[in-house]
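If you read the protein sequences in the order shown, they are chains G and W. Position one of the first sequence corresponds to residue -9 (our numbering), numbered consecutively onward. Position one of the second sequence corresponds to residue 244 (our numbering), numbered consecutively onward. Glycine residues also receive a C-beta, built at the ideal position from the N, C-alpha and C atoms.
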Amino acid sequence: MTDENNAEPKTVNRRAWLKLIGAGAATGVLPAGAAAANDSMGAMHHPAPKAASPADEPVPVYEFLNGDEAAFVEAAIDTFIPPDEVGPGALELGVAVFIDRQLNSGYGRGDRMYLQGPFIEGTPEQGYQLRMTPSELFRNGILDVNAHVRDKYKRTFDALSEEDRIAVLTQLEKREIQLPTVPTEIFFNLLYDLTMQGYFADPLHGGNKGKASWKMIGFPGIGVMYADKIEAYRNKKYMSEPMSIQDLL
Amino acid sequence: MATKLKPVDIAIVGLGWAGGIVAKELASTGLKIVAFERGAPRATNPDFMAPQVHDELRYSRRHELIQNLRKETLTFRNDPSQRALPMRQLGSFLPGEGVGGAGTHWSGLHWRWTEWEHKMYSGTVAKYGKSIVPADMNLQDWPIDYHELEPYYDKFEKVCGTSGKAGNLQGKKIDGGNIFEAPRANEFPNPPLTQSHNMVLFEQAARNLGYHPFPVPASNASRPYVNPDGVALGQCHYCGFCTAYGCEANAKASPHFTVIPLAHKNPNFEARTNSYVMKVNLDSRRKRAVSVTYLDAGGREFEQPADLVILAAYVFGNVHLMLHSKIGKPFDFQRNSGVVGRSYAYQSMGGVAALFSKDTYFNPFMGSGALGTWIDDFNSDNPDFAKLGFIGGGGISSGSNSGAPIGRRPTPPGSPRWGKGWKKAVVETYHRMTAVGNQGSVMSYRQNYLDLDPTYTDSFGRPMLRLTFDWQENEFRQMEFARGICANIAKEMGAEQVLSRRDRGRYSIVPYQTTHNTGGTVFGDDPRTSALNKHLQSWDVSNVFVVGSSVFPQNAGRNPTGPIGALAYRLADTLKDRYLKRPERLVSA
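And the structure:
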C-alpha cells in the first residue's frame, strides 16, 4: 500500500521535472517544428540531476525513448489507465519504463518477425505487412500523433488537458484520425497492448510496481500451488499477498 | 559446399512427441540414429524452473517456446484468387521449437479419437448416403481403424500418466466417463483432476439438460506417478501456468523428460539441436532418399547420408520438406490432382462467455492446461448431420486453465476498452466470468491446401510454404449450432448474462485460435488421394516415412496429440517388425 500512496505525488513531480528540463518545451514555448526536430536529440532531456526526484525512488532513466517520446508515452498510458479510487494508474506503476524496455528489446527490434520483402498491402486477415519493427512503428506513430495534435491544438499530446487526451485517443481508436506514416489501428493497438502488458505483467519487466494491478483485480500472483485449494475455494474468495518472480528468487 | 558426414541408419527430422517416441522406441535396435531439431536443447532444469517459468509476458505473449519466424514462416491467403503474404508475426497458431517441440508447451488434453473420427467417410455415407458429402469436401477415411490403434493409444496414455475416467471399458458404458468414447482395454492410469467451481456448475447443468459430462483426459498428472518406462511425473500443482509454458513439476507429460532421455540410452543416438533440415536429397531416379541437408547453429551446411528418413516435424515442416524435396506429387488446385499439400484442415474455437452474479468466485488462476469438464453429446457423429446440415461436431466444455491477467482480463460487452470505466469493469468482472467453449471439427476441402509460394523465400532461400484456407459453410453451421448449445448450458449454470457473438467472417491469421493444424501429407489406401500408405510410408519414396497430424485426412472436434502419439508408437513397431528387417514398399500401389 505504501507504493500506491506515494505514487501520485511522484507522478506530479515527474511531470513537473520533465517540463523543467525541456520536454515541456513542446507544450508551446517552441514552435511545433522545433519540438519535432528535438526528436533526434533526445539526449538533451536526460542528463538532469536526479535530485529533482522525491526520496525513495529514482526517476526512470529511459533506454530507448527520447524526451518527447517519453512525455507522449507517460501521458498516453495514464489516459488509458488513470489513477482513481478503483486502482493505480499506469504511469505510477512504471508502465512507461516497461514500454521503454520492451521497445529496446529483441521484441521491439523485431528479432523474431519475418521482415523480408516484398512488402505489399494485404487484407486484414493476412495481418501485419509493414517493414517496420515494433520500435520503429512506435516511434513513427508518436511523431504522427504529435504532428496531428500540434496541428489541431497547437501543442503536443502530453500538454493536452485530460479531456483532450481522451478525445484524441478515442479518435485514434475509432480511426477517425488517419495517421500519415503508420496505420492508425496498428499504432493504437501497439500502444494499447503494451500498456496493458506493462500494467499486468510480472514486475520483473519494469511495470506493475508493487504488484498493484494484481492486488487490484485479486490475482494472487505466480507462486501459489493450488492442488489443495481448488476444491476448498470453490466459489470462495482466495486472498493472499501476491508473489512475483523476484519475490520468490 | 555441404560437408558430407559419415552415413547413419536413420535420420529423424523434428524432436517433439512424434520424433521423440520413434527415437525412443528404436533405441533398442542400437542403430545409428540422428534426430535433427531446429530449436534449442531443453531440460526441465534449467529451462523450466520456477519461478522464472511463470512469466506470462515471456512465454504467453513473447512466445519463448515458439517457432522463430525470422528464420522460417509461411505465406497465407484466404482463397486461390488472392496473393498470399507472409505471416510476419505469430498469431493464429503457435508451432513449437526446441527439444520436446509443442509437447513442452501444450495444454495436455489427451484424447483417443472415436471410431467414427477414424472413418469419417464410410461412417457418414453408411448413415446418410453419399449425397450428404459436399462436392468440394475431401471427406476421407483413415486407412486404419480405431481398434488397430487402441494398444498404442493405451501405451501413450500410460507413458503420459493421463488423468481421466473411462466411459467405455471393453464395451461397458460407465456413467461419469465419456460414454461416447470408443471401447478401451484399460482405465486411465491416473484418476481425474479436481474440478474447479465452473466445472462443477457445468457438470450439473449438462446433466440437467440430459447430456453426459465427463472430465477431460488430461496429461497433467493428478497424483505422483511413475510411468512404465520408469520415468517419474510429479503431481500437478494447478498453478495456472501450463499452456504456453514448460512445467517445472514434470506433471505435464512432455517428450523432453519422458521419451527423449530414453532415446539417449542408445549410445548410437544423437540429437543435433539448433539444426535446420533444409531438404531430403533423393537419388537420380527420385525413388530413394539418400541424405538430408541441414544447417547447424553457425549456418554451416552439412549433408547427412541416411538409409531411412522419418519426417516428424510440425504439420507445416513435414509438408514443406516433402514439397521442397519433391517427394510425392504436389497438389494442384486447378486440376484437383496431386496429394502433397492436399487436405489441410484446422479447428474452430467458439462458444460463449458467461457472467455470473457479483458474489461469484471462479478463481481462474487455479487451474491446469487440460483441466476441464466436457460433453461429447454433439461431437463426433453424435449430431444428426442430415437434420442439422453439417458433417462433424464439436466438444463442448468449461475449464480452468489460467488467470494470468495480460491474457485474461474480461469485461462485459459494451464496456470501454480503457479509462476509468474500463478499470471498474475489469475489477468487477475478473472473478465472475467463465466460458463454455466449443472446439469444432473442420473438414478438408479442395480449396484449403498447402503449396509452395511463388514469391517469398525463408531466410535460408527456400520457397515458403503457402497456406490457402478459409472457413466453409459446413463449419459455420457447426459453430452456430454449438454456440446455441453452449448458451443453453451457460444459462442452466446460472449465468446472469450469456455473451456470444455470431461471426461468419473470413478466417484470419491474426488472433490466436488453436495449434491444431492438420493434413497435407495424408495417409490412405489410394495413392491418388494420399501421400502416404497406411504404414505412413511415402508412396513414391519408400525410405521416407512421415508422422504427425499432417497425416490426418481432416480434423475432429478434439485435440490431436493422442492420435499423434499412438501413430508414432505404431510406426516404431512397423519399422522394427517389418521395414528394418526388409526395407521395401510395405503396400503395393
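So, at 6 Å on beta carbons, what are the nonlocal neighbours of residue i in its own chain, with the 5 sequence-adjacent residues on each side left out?
i	result
R5(G)	With a pLDDT of 39 at R5(G), under the threshold of 50, the modelled position of this residue cannot be trusted; read the value that follows with caution. Excluding residues within five positions, none has a Cβ falling inside 6 Å.
F62(G)	I132, F147, D148
K267(W)	V502, L505, A506
H361(W)	W385, D388, Y389
S611(W)	N463, C479, Y481, C485
D539(W)	S518
F608(W)	G483, G646
E358(W)	Y389, A425
R652(W)	V669
D701(W)	E315, M707
D526(W)	V533
Y604(W)	H674
For the ligand PLP, any of its heavy atoms closer than 8 Å to the Cβ of residue i?
i	result
G341(W)	In terms of ligand content, the structure shown is empty, and the ligand PLP therefore cannot be addressed.
Please state if the CB of residue j and the CB of residue i are separated by a distance shorter than 9 Å.
i	j	result
V562(W)	S793(W)	yes
Y587(W)	T711(W)	yes
L239(W)	A475(W)	Residue 239(W) lies beyond the residue range present for chain W, which begins at 244 and ends at 832; the question has no answer from this structure.
N441(W)	M244(W)	no
M521(W)	F788(W)	no
V790(W)	I732(W)	no
L392(W)	A774(W)	no
L742(W)	L779(W)	no
L708(W)	L317(W)	yes
I639(W)	W260(W)	no
N493(W)	F500(W)	yes
G117(G)	M722(W)	no
D624(W)	K370(W)	yes
F599(W)	A738(W)	yes
Y454(W)	I255(W)	no
G489(W)	V296(W)	yes
G262(W)	A811(W)	yes
P232(G)	K201(G)	yes
R744(W)	E163(G)	no
Q383(W)	V765(W)	yes
Thinking just about the alpha-carbon of each residue, which of the options is nearest to the one in residue i?
i	options	result
H353(W)	P754(W), G683(W), V402(W), F599(W)	V402(W)
F719(W)	E315(W), V469(W), S702(W), F633(W)	F633(W)
V533(W)	G541(W), V552(W), T516(W), S743(W)	V552(W)
T171(G)	A202(G), A191(G), R145(G), N136(G)	N136(G)
F423(W)	G489(W), I309(W), G636(W), P655(W)	G636(W)
G213(G)	P294(W), L258(W), I264(W), S687(W)	P294(W)
I417(W)	R466(W), F431(W), K530(W)	F431(W)
G77(G)	V753(W), P796(W), E671(W), V765(W)	E671(W)
I264(W)	G372(W), F399(W), M330(W)	F399(W)
Q236(G)	K226(G), G208(G), R145(G), P193(G)	P193(G)
V51(G)	A86(G), E153(G), L180(G)	A86(G)
How many whole angstroms separate the CB atoms of residue i and residue j, which I take to be in contact at a CB cut-off of 8 Å?
i	j	result
P72(G)	G662(W)	7 Å
S439(W)	N681(W)	Contact flag wrong, Cβ pair sits at about 19 Å.
A345(W)	G351(W)	Going by Cβ atoms, the distance from A345(W) to G351(W) rounds to 11 Å, so no, they are not a contact pair.
N321(W)	Y750(W)	6 Å
G196(G)	G98(G)	Contact flag wrong, Cβ pair sits at about 13 Å.
P64(G)	R129(G)	Here the sequence assigns Glu to residue 64(G), which means Pro is not the residue at that position. The Cβ separation is near 16 Å, so there is no contact.
T287(W)	K819(W)	Contact flag wrong, Cβ pair sits at about 29 Å.
F574(W)	D694(W)	6 Å
S303(W)	G650(W)	6 Å
K530(W)	V784(W)	6 Å
F209(G)	P648(W)	5 Å
Apart from the five residues on each side of it in sequence, which residues of its chain come closer than 8 Å, Cβ to Cβ, to residue i?
i	result
D397(W)	R427, A428, N429
L248(W)	F545, E546, Q547, P548
R528(W)	none
G664(W)	S658
If I measure Cβ to Cβ from residue i and keep anything under 7 Å in the same chain, skipping five residues before and after, which residues do I get?
i	result
I110(G)	Q119
G419(W)	K408, F457
L333(W)	H306, I309, L312
Q92(G)	G98, L184
Notebook entry, point to check: In the region 654 to 684 of chain W, which residue ranges form an unbroken beta strand (DSSP E) of at least 3 residues, counting only runs that do not cross its ends?
Noted result: Segments of the beta strand (DSSP E) lying fully in the region 654 to 684 of chain W: 676 to 683.
Next item on the list: Jot down the residue ranges of each uninterrupted alpha helix (DSSP H) in the region 346 to 387 of chain W, minimum 4 residues, whole runs only, in chain order.
Entry: The qualifying runs are 358 to 361, 363 to 371.
Check: At what residue ranges does the region 526 to 606 of chain W contain a whole run of the alpha helix (DSSP H), taking only runs of 4 or more?
Finding: Here the runs fully enclosed are 558 to 567.
Checklist line | Within the region 301 to 345 of chain W, ranges of the beta strand (DSSP E) (whole runs, at least 3 residues) | finding: For secondary structure counted as the beta strand (DSSP E) over 3 or more consecutive residues, the region 301 to 345 of chain W holds these complete runs in sequence order: 317 to 320.
Notebook entry, point to check: In chain order, which continuous runs of the beta strand (DSSP E) of length 3 or greater are located wholly inside the region 174 to 207 of chain G?
Noted result: Runs found: none.
Check: Mind pulling the alpha helix (DSSP H) runs of 4 or more residues that sit fully within the region 254 to 284 of chain W?
Finding: 260 to 268, all fully within the region 254 to 284 of chain W.
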